[in-house]
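Input: a single structure, listed below in structure tokens.
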Amino acid sequence: MKKRTWFVLIMAFLLIVTGASGSIFYFQKLEAERAKSDVNKKFKYDNSEELVLNIKNRATLYLSTSQDDYVHMRKQGLSYGNTKENQTTWDIKKDGNKTIVTIDNKNMQQRIQPAIFSFGDIYDDSISLGLPENYKKITIKGNNLDISTYGLILTNLDVETKYGSVDANDLTTEGLTINSSHGDIYLFDAKIEKDLALNSTNGNITVEDTSFSNLTAELKNGDMTTGNTKGNLKIDNVSGNTSVNHTKGTVAINNKNGDITFHSNQVNYDVSAETVHGNIFIEVDKRSYERNKVDFSTHLGVVSIFNENLSSETKFSRDKGVNTIKAVSKNGDINVNELDEDDTEYGND
671 MKKRTWFVLI MAFLLIVTGA SGSIFYFQKL EAERAKSDVN KKFKYDNSEE
721 LVLNIKNRAT LYLSTSQDDY VHMRKQGLSY GNTKENQTTW DIKKDGNKTI
771 VTIDNKNMQQ RIQPAIFSFG DIYDDSISLG LPENYKKITI KGNNLDISTY
821 GLILTNLDVE TKYGSVDAND LTTEGLTINS SHGDIYLFDA KIEKDLALNS
871 TNGNITVEDT SFSNLTAELK NGDMTTGNTK GNLKIDNVSG NTSVNHTKGT
921 VAINNKNGDI TFHSNQVNYD VSAETVHGNI FIEVDKRSYE RNKVDFSTHL
971 GVVSIFNENL SSETKFSRDK GVNTIKAVSK NGDINVNELD EDDTEYGND
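No gaps in the numbering here: position 46 of the sequence shown is 716 in my numbering, and each next residue is one more.
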């Protein structure tokens, strides 16, 4: 074998060994840093009716139900190179029937260079909070805040964030209010005993497999999607599409700029869909269409219905029936199509 070939093989082997050693050293050092800077704090429920959590700086919150009467905070692993002075802290104050907790999430972005090469910027802004069920209401506020929950059980939860998303899975609560300026809201497999209020300035809202008494949603710039819900819906959307699929409860949709889709079978409740600039798509089973009153009208569009020979292109109504399905568009078409009685799919399914 030529000397050059041997040289290449030896150099390749040395590079592999060096890379593996550097990686091992890097991760060992990172894990040691995480263990050294692990933050665990807690305080006991003090009979306050409301817990207010004010989050300073950017943070990702993971919320779960506490298994005792304590509020728990854990942050595992600060940014590499942080000192004890840089740890996430909280300040607890009692104000009447409120307990106000200010969490200062100090996170620094630094470059880790364990050997010769830099492996990029490492930081961790996540905080885990365990919340007891004792409080009648928990309020969470933050300017730059992502929130994720799974299996959370509370009495009432209010969330207010300027930048960040809210992702709630398997949430059980009497009431839920979310106000988001810039970010998406996802609600899946939730049980809201009473009212659900979702408000978004810039962002989409998705609610699936969820029950509630009343859902009110207000969007200024974003799409609204619901699927497999139980409860009354009231949706106001300034600029964005609205899609309601397989629901049980009254439906009232008001869009200004955007299309509306109503896709559901076995409709035994009132449905109202109105938009100024957009099309309306009604998809119901034949029995639901025939058993209910219908009222469809458009000013500058066309009305089309799957089983009707229409004498007018802009309006159709029938005043005999149990409930009412109503669709009004000023500058768009209205399309009514038949849906199978056993249909369970929607969206891209």
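Note that the Cβ used here is the ideal one computed from N, Cα and C, for glycine as well. From a predicted model like this one, the values you see are computed outputs, not experimental measurements.
As DSSP reads the structure, Ser718 sits in no beta bridge. Taken in chain order, the complete beta strand (DSSP E) segments of 3 or more residues contained in the segment 800-868 are 807-820, 826-833, 836-839, 845-852 and 855-858.
Under DSSP, Val973 takes part in a beta bridge, and its partners are Ile1004. Leu822 is not a Cβ neighbour of Leu731, given a cutoff of 9 Å. With distances taken between CA atoms, Glu830 lies nearest to Ser851 out of Ser851, Leu903 and Tyr939. Between the C-alpha atoms of Lys714 and Met743 there is a straight-line separation of about 12 Å. At least 9 Å separates the beta-carbon of Leu801 from that of Ser718. DSSP, reduced to helix, strand and coil, places Lys956 within a helical segment of the structure shown. Cβ-Cβ distances below 6 Å link Ser934 to His916 and Thr917 in the same chain, with the five nearest sequence neighbours on each side left out; the list follows chain order.
With respect to the C-alpha of Val937, the residue from Asn979, Asp1012, Phe882 and Gly845 having the closest C-alpha is Asp1012. Pairing Asp859 with Ser835 gives a Cβ-Cβ distance that is not under 9 Å. Annotated three-state conformation of Thr758 is coil, per DSSP. When the alpha-carbon of Thr899 is set against those of Thr1014, Glu720 and Lys776, the nearest one is in Thr1014. In the three-state scheme derived from DSSP, where H, G and I count as helix and E and B as strand, Thr1014 is classed as coil.
In its chain, beyond the 5 residues on either side, Ser851 and Lys890 have a beta carbon closer than 6 Å to the beta carbon of Thr871.
In the structure shown, the three-state DSSP call for Arg728 is coil. Per DSSP, Glu878 is one residue of the beta strand (DSSP E) stretching across Ile875 to Asn891. Under a 10 Å Cβ-count criterion, Leu980 is classified as exposed, with fewer than 16 other Cβ atoms of the shown protein chains found around its own Cβ. Residue nearest to Glu888 within the set Lys763, Asp906 and Asn710 is Asp906 (criterion: CA-CA distance). Excluding five sequence positions before and after Thr912, the CB atoms of its chain that fall closer than 6 Å to its own CB belong to Met894, Ile905, Ile923, Asn925 and Ile930, given in chain order. Sequence-distant Cβ neighbours of Val998 in its own chain, meaning closer than 7 Å and more than five residues away, are Glu944 and Ser967. Its chain contains Lys918, Gly919, Thr920, Val921 and Asn993 as the residues whose beta carbon lies nearer than 8 Å to that of Tyr939, once the 5 sequence neighbours on both sides are disregarded; these appear in chain order.
Ile725 is not a Cβ neighbour of Ile848, given a cutoff of 9 Å. Within the same chain, and ignoring the five residues on either side of Lys832 in sequence, the residues whose Cβ sits closer than 6 Å to its Cβ are Asn813 and Ser851. Here Thr769 is not near Val709, since their CB atoms are 9 Å or more apart.
Within the same chain, and ignoring the five residues on either side of Asn804 in sequence, the residues whose Cβ sits closer than 7 Å to its Cβ are Tyr715 and Asp739. Excluding its 5 nearest sequence neighbours in each direction, Lys1000 has C-beta neighbours in its own chain below 6 Å: Val946 and His969, listed in chain order.
Close CB contacts of Lys956 within its chain, under the 6 Å cut and outside five residues either way in sequence, are with Glu1008 (chain order). In this structure, Asn884 lies near Lys864, with their beta-carbon atoms less than 9 Å apart.
Within the model, the alpha-carbon separation for Tyr820 versus Val954 is close to 33 Å. Comparing alpha carbon positions, the residue from Ile762, Val972, Asp965 and Ala729 closest to Gly948 is Val972. Val941 and Asp1010 have their C-alpha atoms some 19 Å from each other. Cα atoms of Lys807 and Thr896: separation of roughly 26 Å, rounded to the nearest angstrom.
Per DSSP, Glu944 is one residue of the beta strand (DSSP E) stretching across Val941 to His947.
Separation of the CB atoms of Tyr856 and Ala867 is rounded to 16 Å, and the pair is thereby denied contact status at 8 Å. CA-CA distance, Asp965 to Thr880, rounds to 29 Å.
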